[in-house]
Amino acid sequence: MNIDQVTMRRRKLGLTGIDSQLTAGGYTLYTGQTAGGRVDLVDINGQKVHEWQMPVRPGRHAVLLPNG
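Its first residue numbered 3, the sequence shown is counted upward by one per residue in the working numbering.
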């Protein structure tokens, strides 16, 4: 049996609940510690809207430009 050694990937956590009255709306630009070079844009419901594959692992911040 092959068991993933990265705890965060094994947990398979995601959006567990949302109160739309308490959100700011819009999108969230997200990259995980174990995502390699992948950056995701997710909507208020946690659904992936777009994905980028970067040539290197992303740093500690990112900027979403007006033109996407």
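The C-beta atom is built at its ideal place from N, Cα and C for all residues, glycine as well.
Query, Result
"Opening and closing residue of the beta strand (DSSP E) in which THR30 lies", "30-32"
"Selection from THR25, LEU66, GLN23 and GLY27 that minimises the alpha carbon distance to ASP42", "LEU66"
"Selection from PRO68, ASP45, GLN7 and GLU53 that minimises the alpha carbon distance to THR33", "GLU53"
"Reduced DSSP category for GLN35 - H, G, I as helix; E, B as strand; rest coil", "coil"
"Distance CB(GLY39)-CB(VAL51) smaller than 9 angstroms", "no"
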